[in-house]
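**Q** Under UniProt numbering, think of the first position of the sequence shown as 1, with each following residue one higher.
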Amino acid sequence: MKKSLSDIDFAKGDGLVPVIVQDVNTKDVLTLAYANKESLELTKKTGNSWFWSRSRNKLWMKGEESGNVQKVRQILVDCDSDAIIYLVEPTGPACHTGEKVCFHNKLD
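(1) Would you list, in sequence order, the uninterrupted alpha helix (DSSP H) runs of no fewer than 4 residues that lie entirely inside the UniProt domain "Phosphoribosyl-AMP cyclohydrolase" (32-104)?
(2) Among residues of its own chain, excluding the 5 on either side of M1, which ones have a beta-carbon nearer than 6 Å to its beta-carbon?
(3) If you follow the beta strand (DSSP E) that I20 is part of, which residue opens it and which one closes it?
(4) Which residues in the same chain have their Cβ closer than 6 Å to the Cβ of M33, if we skip the five residues on either side of it in sequence?
(5) Would T91 pass as a contact of G47 if the rule is Cβ separation under 8 Å?
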């Protein structure tokens, strides 16, 4: 089933939806971030992953500082229209620490 931007339920998350970023080839989960309507529109328009930074309170494109951009190949929406997956081709590590994925720490 196809969904449009107007189907996304940003209201449940105070204007934000969680975005799981997954490598389109390896299926590795790279990170979890958040998108608002504007960042999702920019993602669709540019083909690069855009998000809303809750800590910096601003829009940001993955790789704008590091150069490790993520080319979005497909956007999937969950059944409730309140969570998204970006299937991406990464050009470098996803994590700001230099790790390939953000989920590299194990809980004791």
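Don't be surprised by glycine CBs; every beta carbon is placed ideally from N, CA and C.
All of these numbers come straight from a predicted model, not from anything done at the bench.
**A** In terms of the structure at hand:
(1) 37-46
(2) none
(3) V17 to D23
(4) Sequence inspection shows Ala at residue 33; the Met mentioned does not correspond to that position. The answer, listed in chain order, is V19 and F51.
(5) no
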